[in-house]
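Here's the structure, in structure tokens; my notes come after.
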Amino acid sequence: MVAHLLARLQAILPDAQEVRIDPEDYSVTIGGKPFHEISVAGGLKIAVNVAALLSLQDLALKDADILVPPLLTIDAPLTGSAATAWTGTPAGA
Numbered sequence: 001m002v003a004h005l006l007a008r009l010q011a012i013l014p015d016a017q018e019v020r021i022d023p024e025d026y027s028v029t030i031g032g033k034p035f036h037e038i039s040v041a042g043g044l045k046i047a048v049n050v051a052a053l054l055s056l057q058d059l060a061l062k063d064a065d066i067l068v069p070p071l072l073t074i075d076a077p078l079t080g081s082a083a084t085a086w087t088g089t090p091a092g093a
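In terms of the numbering used here, the sequence shown opens at residue 1 and continues consecutively.
Here is the structure:
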């Protein structure tokens, strides 16, 4: 799973070199920093969440014993990113 997540992250964040998933609580660490310290909301949080979901899909394609829904729907990916509509304009700008 970690290799799939790193590959997906590197597609969005080429500087990402290390990803760790804690086996006890499944928390993610990127480049030695806990995910909750890297981003509260917005672009990076969205990118990491989407990369994680896509990496689960990748893993399921390689291992038939891993069951995930065959359809991944990402609804309103900009929610919480302080952007309005699809323009990328910061709220209140």
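In this text, a Cβ means the ideal position worked out from N, Cα and C, and glycines have one as well. Since the model is a prediction, treat every value here as computed from it, not as a measurement.
query                                                                                                                                                     : result
Out of 47, 53, 25, point me to the one whose CA is closest to residue 67's CA.                                                                            : 53
Under a Cβ-count criterion, where at least 16 other Cβ atoms within 10 Å of its own Cβ denotes burial, should residue 55 be classed as buried or exposed? : buried
Is residue 66 helix, strand or coil by DSSP?                                                                                                              : coil
Report the CB separation of residue 21 from residue 2 in whole angstroms; it is logged as a contact under 8 Å.                                            : 6 Å
Sort out for me which residues DSSP pairs residue 28 with in a bridge.                                                                                    : 21
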